[in-house]
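Shown next, in structure tokens, is the structure this report addresses.
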């Protein structure tokens, strides 16, 4: 009897036979046949600990070419969610929505982090997504490194395009220096809203991943500036050279109005610190003039250069905002001096006799009127320096006559002043 019982027990322990004679796997382990599934360094914990966490025996003999010895404990993704929490978010990545966990992950082991089927992760992404997004000559660093997950959540997200967080916060995780510009007092609306208003996120043909070259990119919004630059005869050289708009403006934010990179006057003088020759004219070294002047034009002191000049384009030479005579002689009409009369009283031109329109008078005789009226009415710039002067009232050091520079020799008195030019003999005026 003992010999018979021993034979039964031994038969029950043979491979392929259960104790009760069922056709199931015997004492052999899964790895005896499936060791290649566990050959990689990153191993799925259930696969390392207990295969039957995911695989259940069917009762059939295993292995068998015709019958399944094991089946999954549940369909994917339900099987995965037995251990993993379901992902939360407003937007679901299609492979996750379709339950295709195994499209990206190995269920047993992988040489890659997170049991991914490829590394870097971009190799996986480009199996579905068009690789052309990364084929321009300027490529965003996370893209060139293949680290799509730096910006995107591969499962679910509360943000469109499965971004890890909202914009511009996501960009600021890397672009920390630029994030500090958010504290400036003037924020460029596209910068404050969404970096993608101006930048491509994967790759671009342009530097800094811009959508277009500057100024074309800027003109998409600033069409009024484009119209003036395209249609007006006098265009600021800074708009056309080097960085174009970015010569003067910060693209993100600034402590200055109009997103200027410096205070108005300092910005202009960073270029106008030397003599500039163009095809049609020579622009003087304005910084030098101002530095040497004892008296600076009040408009410059008050509003910088933009008090008289427009920054982009104009119909008037020297980018002036209003009409101003370019020649020596000019008709005595307010319209001829529209620029000056944005600040000064037109009475100094129109009133022959006055006690209030101007201090340049002899008694009540308006000496501005005398100089400007007549067949050879003079322009303001014949006697006044436009930017700065060594003399009160911005009186120029000399007056131009043809190719000559005739000294004015202006002197101030308590009640008026005097001058001695090549135009006339010494003349003195007294207000009282």
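Numbering (the working numbering), first residue to last: 668 to 1099.
Just so you know, even glycine gets a beta-carbon here, dropped at the ideal spot from N, CA and C.
In this text, all values refer to a predicted model and were calculated from it rather than measured experimentally.
So residue i is in the alpha helix (DSSP H); what residue range does that whole segment cover?
| i | result |
| --- | --- |
| residue 700 | 698 to 701 |
| residue 844 | 843 to 846 |
| residue 839 | 836 to 839 |
| residue 791 | 788 to 792 |
| residue 811 | 808 to 811 |
| residue 932 | 931 to 936 |
| residue 1017 | 1014 to 1017 |
How far does the beta strand (DSSP E) with residue i in it reach, from first residue to last?
| i | result |
| --- | --- |
| residue 1066 | 1065 to 1068 |
| residue 865 | Here residue 865 belongs to no beta strand (DSSP E), and DSSP marks it neither H nor E. |
| residue 1096 | 1094 to 1097 |
| residue 1084 | 1083 to 1086 |
| residue 1078 | 1078 to 1080 |
| residue 1072 | 1071 to 1074 |
DSSP three-state call for residue i: helix, strand or coil?
| i | result |
| --- | --- |
| residue 959 | helix |
| residue 980 | strand |
| residue 893 | helix |
| residue 764 | helix |
| residue 993 | coil |
| residue 673 | With a pLDDT of 36 at residue 673, under the threshold of 50, the predicted position of this residue should be treated as unreliable, though the coordinate-derived value follows. Of the three classes helix, strand and coil, the one that applies to residue 673 here is helix, per DSSP. |
| residue 775 | coil |
| residue 1033 | strand |
| residue 748 | helix |
| residue 692 | Low confidence applies here, because residue 692 scores a pLDDT of 46, under 50, leaving its location unreliable; read the following figure in that light. In this structure, residue 692 counts as coil in the three-state DSSP scheme. |
Mind reading off the beta-carbon distance from residue i to residue j? Whole number of angstroms is fine, and I expect it under 8 Å.
| i | j | result |
| --- | --- | --- |
| residue 1008 | residue 998 | Rounded, the Cβ-Cβ distance is 14 Å, inconsistent with contact. |
| residue 873 | residue 800 | With a Cβ gap of about 15 Å, residue 873 and residue 800 do not count as contacting. |
| residue 777 | residue 709 | 5 Å |
| residue 782 | residue 711 | 6 Å |
| residue 723 | residue 737 | 6 Å |
| residue 807 | residue 754 | At roughly 25 Å, the Cβ-Cβ gap does not stay under 8 Å, so residue 807 and residue 754 are not in contact. |
Is the separation between the beta-carbon of residue i and that of residue j shorter than 8 Å?
| i | j | result |
| --- | --- | --- |
| residue 610 | residue 956 | The chain is shown from 668 up to 1099; residue 610 falls before or after that span and cannot be answered. |
| residue 884 | residue 862 | no |
| residue 743 | residue 766 | yes |
| residue 985 | residue 1004 | no |
| residue 929 | residue 967 | no |
| residue 1049 | residue 1025 | no |
| residue 1016 | residue 988 | no |
| residue 1031 | residue 921 | no |
| residue 1076 | residue 1090 | no |
| residue 899 | residue 981 | yes |
| residue 1036 | residue 1022 | no |
| residue 855 | residue 926 | yes |
| residue 923 | residue 976 | no |
| residue 1038 | residue 1028 | no |
| residue 824 | residue 748 | no |
For residue i, which residues does DSSP report across the bridge?
| i | result |
| --- | --- |
| residue 1166 | Lying outside 668 to 1099, the shown extent of the chain, residue 1166 is not represented and no answer is given. |
| residue 723 | 738 |
| residue 920 | 854 |
| residue 710 | 776 |
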